[in-house]
Every structure is written in structure tokens, then in C-alpha cells.
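S.K.:
Here is the structure:
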């Protein structure tokens, strides 16, 4: 499990390859981006560990109930985010900043209300008033990042698209999750090349409430833990640990669990997986095991009203599910499951009843309660026009419905 650290560097290229390479990534799971490869003298990562032993057969869990989330508002698009230079974008991973604002971090961003075109940058971020969560987020400013301003969202990482990083030609760096620990914000990004190819993941930090970001120097090769530590979500506990649920970027893997002490977050060797062995059962530090079989995409782990709440885009079933857990190590296969949004074909949508075409994401907004959970859900029509390409706010009641 040895990791390597390196410094990042990029060069420039064009945006066109992004959209053309992604048109086939439609249907039940739309969420990857386009890059290319280039080799430079890069440190050689340690060989990946052997595949973990298979966990015991999962328990038969309850069938998910359908409690449809209703759309509150479009978060991005015309008359919503264009004043900050964001026409089309997706994701919207949220956290509260140390100064009390709401920060949402987006993926590939463009000037026009579509995927592709001018103004390509990623990731980007907008600030919102946390008091507007219930009625629909209202933006208050943009994160300048490396090349923007208070009124135009800039790219949070310094390298241009199609840059050479660690010997690879990386077209874009996409966010998985962001967390506030004390007065510092931490952001995990994936360095992507081609659909489903992640060359590395890296931790960035912000010490000015999300306005600017710099690398912590902590990174992992894309094949870390056999490629199950790429797309992740995390949440701090009360015991000094940050708990992390992760999967691959390809939407063909289940979920695994790991943890790290908060004060060792940027030490890649300090992270330990939750694994299963025939002699010891489930334990920390064993080879990583599958805590939830399936084919998953974006995830969001947060604590709400004393529960650990995990929202997951289930690409295999084309829906967004929410699970309530008493602890991070609870059996996810038997946890109560609520489907809050179901993927449907274009022409069959009903956003008031949680029926959304080409959906993904599902990030939990701060300020949510179990009887009023607010989620950021993405939508990308990969037809010829590549629009709509947006983030939307939905809400549902997990308790009284």
C-alpha cells in the first residue's frame, strides 16, 4: 500500500475531444470525461496489492421503497449561474466553509448551457447563502480559483486541460468530495484520461474559505486498492477519524470503506481499509472488502440527525438511493434503502415525482434534516445538442412519507 507523492504540472490543448468521446456514455450512467496520454519520467507506483478475499455472501436486505424527491429549483443554467460565467456544468459537491457560507464544487464547466464549447474549466465552485437551502439555493459569489474572479468562476486547480501530469496527458480533473476540517477545506480530485480512466487522485486544500486552492502533495495512483479508491465521499466522525466510501470511476464496481485519522489526512500511508478475512471477519487494516456489491457512481456520505446518511447513484439500477446507517461500519446490505430519484427516458420525465432522464450525482446539502433532505442531482442530455447539462436541487422526506 505504498504511495508516492509528486508535484503537478500541465500544458494546454483543446476542448473538442471531451464531448465527442463522451457521446456514447449515455443511458443509465452519464458522467465521465475525455483525455489523452503522454509519458514523462514519472515515479513508478508500487504494484497494487493482491485482490482482496471475497467477503461473506451479503445478507438479503430490504427492497428499496420509492419516496420520490421533488424538484426545488435549477441550480445552474440560464438566469441561474450565467452571471458567474457558468452556463453548463454538473455535480455540485457541497460543504460549509469556515466563514459560514455554502460552497458547491462543480465538474466540467462551460460558458454556454451545454457540455462543450468555450470556457471549459474544472473544477469550479460557487458560494450560496445557507439560509436559502429550503426554498432553493441563491448564489452569492464565485470562487476565483486559479484564473477567475468574484463574478466569474475560475478553475480551482492550476493546470490547463490536456496537461501533462505525472507522465500522463490528463484532460480534466474532476471533484469527488469536499470536506471542512477545522479552518481548512479539503478537496479530492480525479485526474482523468479517457472514459473511465483515472491516472491518479489528489488532495487539494483551501485556507481562505474556498476562494483559492493548492495541492497538499498527497496523491494516489489510479490503481490504488485495485482501482476502488477513485470516486469517493467522506465524513468525519466523533472519534477523530474521517470515514470514506469509495468506488471506481467506471460505474461497474461496488463500494468499499476506509478511514484515516483527521490529523493524518494528507499522509497516503495512514489510510486503512475495512476488510474481511475468514479467520477474523470484518476488521480495519485487512485487505479492502466490498461493503456493498453493485455498480455505483457518485456518492455522498453525511451525518444528519444522528444518522450516517449515504446517497449513491446506483448506475446498475439507474436510480439514486439513500441509506440510513447507525455507524459507518454497519451492514450496508441490510440498511433501509429509499429510492429518491429514478432514471427514465426523455419524454417520460416528471421532476415533481423524482423521474429524471440521464440523472447522476445526488449530493446532500448542508442544512438537510431527515424529514427534509435536499439533494443536488445532475442531468446531461448527451444527444446532438448536449443540453441540458445542469445541476438541480431536489428534496424529499425520509421519515414521515
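Residue numbers (full-length UniProt numbering): 1 to 401. Even glycine gets a Cβ: it sits at the ideal position worked out from N, Cα and C.
What's the gap between the Cα of residue 335 and the Cα of residue 237?
M.R.: By 1-based counting over the chain shown, the position of residue 335 is 335. By 1-based counting over the chain shown, the position of residue 237 is 237. Cα to Cα, the separation comes out at about 19 Å.
S.K.: Counting along the chain, where does the beta strand (DSSP E) carrying residue 231 start and finish?
M.R.: Here residue 231 is taken as the residue at index 231 of the chain shown, counted from 1. Unbroken beta strand (DSSP E) run through residue 231: 231–236.
S.K.: Is the Cβ-Cβ distance between residue 68 and residue 281 less than 8 Å?
M.R.: Residue mapping note: residue 68 aligns to position 68 of the chain shown, counting from 1. Residue mapping note: residue 281 aligns to position 281 of the chain shown, counting from 1. In terms of Cβ geometry, residue 68 and residue 281 do not form a close pair [threshold 8 Å].
S.K.: Which two residues bound the contiguous beta strand (DSSP E) that contains residue 155?
M.R.: For the purposes of this step, residue 155 is taken as the residue at position 155 of the chain shown. Here residue 155 belongs to no beta strand (DSSP E), and DSSP marks it neither H nor E.
S.K.: What is the C-beta distance between residue 270 and residue 76, in whole angstroms, given that I count them as a contact (C-beta under 8 Å)?
M.R.: Here residue 270 refers to the residue found at position 270 when the chain shown is read from its first residue. Here residue 76 refers to the residue found at position 76 when the chain shown is read from its first residue. So it is not a contact: roughly 36 Å between Cβ atoms.
S.K.: With three or more C-beta pairs closer than 8 Å as the rule, is the region 93–104 touching the region 159–168?
M.R.: no
S.K.: Checking 8 Å against the spacing of the C-beta atoms, do residue 140 and residue 131 come in under that value?
M.R.: On the chain shown, position 140 is the one that residue 140 refers to. On the chain shown, position 131 is the one that residue 131 refers to. For residue 140 and residue 131, no; Cβs fall outside 8 Å.
S.K.: My output table needs one value for residue 339: the three-state DSSP class, helix, strand or coil.
M.R.: For this step, residue 339 is matched to residue 339 along the chain shown. It is a strand residue.
S.K.: Have a look at the DSSP bridge pairing and note the partners of residue 127.
M.R.: Position 127 of the chain shown, counted from the first residue, corresponds to residue 127. Partner(s): 103 and 141.
S.K.: What's the C-alpha gap between residue 122 and residue 108?
M.R.: Numbered from 1 along the chain shown, position 122 holds the residue referred to as residue 122. Numbered from 1 along the chain shown, position 108 holds the residue referred to as residue 108. Computed Cα separation, rounded: 5 Å.
S.K.: Are residue 70 and residue 357 touching if we call contact CB-CB under 8 Å?
M.R.: For the purposes of this step, residue 70 is identified with residue 70 of the chain shown, where counting begins at 1. For the purposes of this step, residue 357 is identified with residue 357 of the chain shown, where counting begins at 1. No, they are not a contact pair.
S.K.: By how many angstroms is the C-alpha of residue 289 removed from the C-alpha of residue 229?
M.R.: Translated into positions along the chain shown, residue 229 becomes position 229. Translated into positions along the chain shown, residue 289 becomes position 289. Roughly 12 Å separates the two Cα atoms.
S.K.: Could you name each continuous alpha helix (DSSP H) segment of 4 residues or more that falls completely within the region 175–247, going from the start of the chain to the end?
M.R.: Runs found: none.
S.K.: Touching or not, the region 261–270 and the region 327–334, by the rule of three or more beta carbon pairs under 8 Å?
M.R.: no
S.K.: Smallest Cα separation from residue 173: which of 180, 148, 167 and 201?
M.R.: Taking the first residue of the chain shown as position 1, residue 173 is located at position 173. Of 180, 148, 167 and 201, the residue nearest in Cα terms is 201.
S.K.: Could you check what DSSP says for residue 172 in three-state terms: helix, strand or coil?
M.R.: As a first step, residue 172 must be located in the chain shown, where it is residue number 172. It is a strand residue.
S.K.: Among 234, 366, 376 and 85, which one has its Cα closest to the Cα of residue 259?
M.R.: Sequence index remark: in the chain shown, residue 259 carries index 259 (1-based). That would be 234, whose Cα lies nearest to the Cα of residue 259.
S.K.: Here's a check: name, in chain order, each residue in its chain whose Cβ is nearer than 7 Å to the Cβ of residue 220, leaving out the five neighbours to either side.
M.R.: Position 220 of the chain shown, counting from 1, holds the residue named residue 220. Within the same chain, residue 220 has close Cβ partners 3, 200, 201, 229 and 268.
S.K.: Take residue 242 and list the residues in its own chain whose beta-carbon comes closer than 8 Å to its own, dropping the five residues that flank it on each side.
M.R.: Within the chain shown, residue 242 is the residue found at index 242, counting from 1. If we look at residue 242 and ignore the five residues flanking it on each side, its Cβ neighbours are 179, 181, 234, 235, 236, 259, 260, 261, 262 and 265.
S.K.: Report the three-state DSSP secondary structure of residue 264 (helix, strand or coil).
M.R.: Position 264 of the chain shown holds residue 264. Three-state DSSP puts residue 264 in a helix.
S.K.: Tell me whether residue 84 sits in a helix, a strand or coil according to DSSP, three-state version.
M.R.: Position 84 of the chain shown holds residue 84. Correct three-state label for residue 84: helix.
S.K.: Relative to the C-alpha of residue 383, which residue among 371, 377 and 345 is closest?
M.R.: Taking the chain shown and counting its residues from 1, one reaches residue 383 at position 383. Residue 383 has its Cα closest to that of 345, out of 371, 377 and 345.
S.K.: Have a look at 79, 398 and 217 and flag the residue whose alpha-carbon is nearest the alpha-carbon of residue 368.
M.R.: By 1-based counting over the chain shown, the position of residue 368 is 368. The alpha carbon of residue 368 has as its nearest neighbour, out of 79, 398 and 217, the alpha carbon of 398.
S.K.: Between the alpha carbons of residue 143 and residue 279, how many angstroms are there, rounded?
M.R.: Taking the chain shown and counting its residues from 1, the one referred to as residue 143 is at position 143. Taking the chain shown and counting its residues from 1, the one referred to as residue 279 is at position 279. Spanning the two alpha carbons is a distance of roughly 50 Å.
S.K.: Assuming residue 157 contacts residue 105 (C-beta within less than 8 Å), just tell me the rounded distance between them.
M.R.: Taking the chain shown and counting its residues from 1, the one referred to as residue 157 is at position 157. Taking the chain shown and counting its residues from 1, the one referred to as residue 105 is at position 105. The pair is not a contact, with the Cβ atoms about 11 Å apart (cut-off 8 Å).
S.K.: So, under 8 Å CB-CB, residue 85 and residue 153 are touching, yes? Tell me the CB distance rounded to an integer number of Å.
M.R.: Along the chain shown, read from residue 1 onward, the residue named residue 85 stands at position 85. Along the chain shown, read from residue 1 onward, the residue named residue 153 stands at position 153. Correct: roughly 5 Å between the Cβ atoms.
S.K.: State the start and end residues of the unbroken beta strand (DSSP E) segment that holds residue 251.
M.R.: Counting from 1 along the chain shown, the entry for residue 251 is found at position 251. Counting along the chain, residue 251 falls outside any beta strand (DSSP E), and DSSP gives it neither H nor E.
S.K.: Rounded to whole angstroms, what is the Cα-Cα separation between residue 18 and residue 81?
M.R.: For the purposes of this step, residue 18 is taken as the residue at position 18 of the chain shown. For the purposes of this step, residue 81 is taken as the residue at position 81 of the chain shown. Summary for residue 18: the model assigns pLDDT 43, below 50, so the residue's position carries little reliability, and this model does not support an answer.
S.K.: Consult DSSP for residue 270 and reduce its assignment to one of helix, strand or coil.
M.R.: Residue 270 sits at position 270 when you count from the first residue of the chain shown. Three-state DSSP puts residue 270 in a helix.
S.K.: How is residue 353 classed by DSSP in three states: helix, strand or coil?
M.R.: Within the chain shown, residue 353 is the residue found at index 353, counting from 1. If DSSP states are grouped into helix, strand and coil, residue 353 belongs with the helices.
S.K.: With DSSP collapsed to three states, give me the class of residue 109.
M.R.: In the chain shown, counting from the first residue as 1, residue 109 sits at position 109. Reduced to three states, the DSSP call for residue 109 is strand.
S.K.: Along the beta strand (DSSP E) that carries residue 332, what are the first and last residues, could you check?
M.R.: Position 332 of the chain shown, counted from the first residue, corresponds to residue 332. Neither: residue 332 is in no beta strand (DSSP E) and is coded neither H nor E.
S.K.: Per DSSP, which one or two residues make a beta bridge with residue 165?
M.R.: One-based indexing of the chain shown puts residue 165 at position 165. For residue 165, DSSP records a beta bridge to 168.
S.K.: Measuring only the C-alpha atoms, how far is residue 62 from residue 114?
M.R.: Numbered from 1 along the chain shown, position 62 holds the residue referred to as residue 62. Numbered from 1 along the chain shown, position 114 holds the residue referred to as residue 114. Going by the C-alpha atoms only, they are around 39 Å apart.
S.K.: What does the Cβ neighbour count give for residue 311, buried or exposed, with the cut at 16 atoms within 10 Å?
M.R.: Here residue 311 corresponds to residue number 311 of the chain shown, with the count starting at 1. The residue is buried, with at least 16 neighbouring Cβ atoms inside 10 Å.
S.K.: For residue 132, which three-state DSSP category applies?
M.R.: Taking the first residue of the chain shown as position 1, residue 132 is located at position 132. Three-state result, residue 132: helix.
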